[in-house]
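Trainee: Below: one structure in C-alpha cells.
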Amino acid sequence: MGTDRGASLVELAMALPLLMVLILGMVSSGISYNHNLSLSHTAREAARHGATLPVTNFASMDLWLDEIAARAVEDATGSLDPGTPGLIICVAYVHPNGSLATDSTRSRTNNGGTVSYAGSSCFVDGRPPDERRVQVSVTRETTFNALVFSTNITLDSEGVSRFEAGFGL
C-alpha cells in the first residue's frame, strides 16, 4: 500500500500539460472559426448591400466604394477593426466599359490602413464579362495557440452579387 502514495500526483503532473494543450487548442480553434464565419458573413452581406445601393446617390464612384467598405467593417462584428493584423478589404464595382464614369470597373483596397483606388476588380470570379456585379474580399490574420505551439493563420473570404440597383446608369 505504501508504494502507491503519490502515484496519482505524478500521473496528474504528466497528463496536465497535454490536457492544457488540448483545451487551449480547442479554444483557439473556436476563436479562429468564429473569425472565419464572421468574414464569410461580412463578404456576402457587404456585396449584397452594394448590389442594391444605387451609384447615382454618390458624387463619385470612390464614395460609393467607401460606403460598401464601411458596411463590411460594420458587419464584421469586430473582426475587421482598424489595427487588425493582416487586414485587407477590397471592394469592386465590376462593369463592362461604357461611356459614363460609372460604366467602368473600379476598386477600393484597404491594405492595413492604406487605402488605394484602381481600375480593376478584386479577384477573378468566373462570372460573365458583360455582367455588372459587386465584389467584396476580406482578409485578416489570427493566431492559433496551443500552449507551447503558436502559428499565424490567414483567413479570407470573398462575396459577389449581381448589381441590381440603378440599371438606368
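Residue numbers for the sequence shown follow the working numbering, so the first one is 155 and each next one is one higher.
Every residue gets a Cβ at the ideal spot worked out from N, C-alpha and C, and that includes glycine.
Taking only three categories from DSSP, how would you classify L323?
Mentor: Unreliable positioning characterises L323 in this predicted model, as indicated by a pLDDT of 42, which lies under 50. A coordinate reading is not provided.
Trainee: Residue range of the alpha helix (DSSP H) that A272 falls in?
Mentor: Taken as a continuous stretch (DSSP letters only), A272 belongs to no alpha helix (DSSP H), being part of the beta strand (DSSP E) at T268 to A272.
Trainee: Drop a sphere of 10 angstroms on the beta-carbon of M180, count the other beta-carbons inside from all chains shown, and report buried for 16 or more, exposed for fewer.
Mentor: Under this definition M180 is an exposed residue.
Trainee: If we cut at 8 Å on Cβ distances, does E295 have a partner in chain D?
Mentor: No chain D is present in this structure, which holds just one protein chain.
Trainee: Just to confirm, are I222 and V290 a CB contact at a threshold of 8 Å?
Mentor: Cβ distance < 8 Å, so I222 and V290 count as in contact.
Trainee: DSSP on T161, reduced to helix/strand/coil?
Mentor: The sequence given here has Ala at residue 161, not Thr. Helix.
Trainee: Within 10 angstroms of the Cβ of N264, are there 16 or more other Cβ atoms? Answer buried if so, exposed if not.
Mentor: Flag for N264 reads buried.
Trainee: So, for S274: in the same chain, excluding its five sequence neighbours on each side, which residues have a beta-carbon less than 7 Å away from its beta-carbon?
Mentor: Here the set comprises T259 and S261.
Trainee: Does DSSP put D213 in a helix, a strand or coil?
Mentor: According to the sequence shown, residue 213 is Ala rather than Asp. Reduced to three states, the DSSP call for A213 is coil.
Trainee: For the beta strand (DSSP E) containing A300, list its first residue and its last residue.
Mentor: That run of the beta strand (DSSP E) goes R287 to A300.
Trainee: Evaluate S182 with the Cβ neighbour count: other Cβ atoms within 10 Å of its Cβ, from every protein chain shown; 16 or more gives buried, anything less gives exposed.
Mentor: With 16 or more other Cβ atoms within 10 Å, it is buried.
Trainee: Could you compute how far the alpha carbon of H249 sits from the alpha carbon of R281?
Mentor: Approximately 11 Å, taken between the alpha carbons.
Trainee: Could you tell me the distance, in whole angstroms, from the CA atom of T305 to the CA atom of G237?
Mentor: Distance between the alpha carbons of T305 and G237: 19 Å.
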